[in-house]
Every structure is written in C-alpha cells, then in structure tokens.
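> In this note's numbering, the protein residues as written are 880 to 963. For each residue, glycine too, the CB sits at the ideal point set by N, CA and C. Dropping the structure in here first, questions after.
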C-alpha cells in the first residue's frame, strides 16, 4: 500500500500527463490540470483541491519543467504548510 506522499505524487503526475511544459506561473499550472482549480487530489485519509495545493507554491518554485517536479514541490509545500 502506498503512503499519502506517493499516492498524491502519482495522481499529480498522471493529471499533468498532457500538460505543456515548461510551466512558468500559477495560472498556466492551474489550467494544466484536467478539472482546473476545482479538481481534487485524493489519497487515503487526505484530500486537497488543486487550487489549495497550487496556492501553497511560491513564485520562486517556477518554472516547472515536468510533472515530476510539480508533484515533488507541491507535496513539499503542503507538508511544510501543515496542510498534510
């Protein structure tokens, strides 16, 4: 069984499979998720909206060159912010 971090990582990477990288700002990242800001990332015992996950980022996190980078930084930011 995967942990929360691994589950969210896989879901973020899968959601961004069709994204056009590099992604240089919040708006482009938000638009890159299939359900936009209203989408939800779920893992056992945890869920977060795409909007909440992305707003945990800071300007210095950009640009993102691939989905793996997005997943890694988003998880790091929501952990540091005490959201997860």
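#1: Nearest CA to the CA of residue 885: which residue from 935, 925 and 945?
#2: Going by DSSP, what residues sit across from residue 928 in a beta bridge?
#3: Between 890, 928 and 912, which has its C-alpha nearest residue 900's C-alpha?
#4: In terms of DSSP beta bridges, what is residue 943 paired with?
#5: Alpha carbons only, please: which of 882, 896, 889 and 890 is nearest the one belonging to residue 945?
In short, the structure shows the following:
#1: Nearest option by C-alpha distance: 925.
#2: In the DSSP output, where bridge partners are listed per residue, residue 928 has 919.
#3: Measuring from the Cα of residue 900, the nearest candidate turns out to be 912.
#4: Per DSSP, the beta-bridge partners of residue 943 are 902.
#5: Taking the Cα of residue 945 as reference, the smallest distance to any Cα among 882, 896, 889 and 890 is reached at 896.
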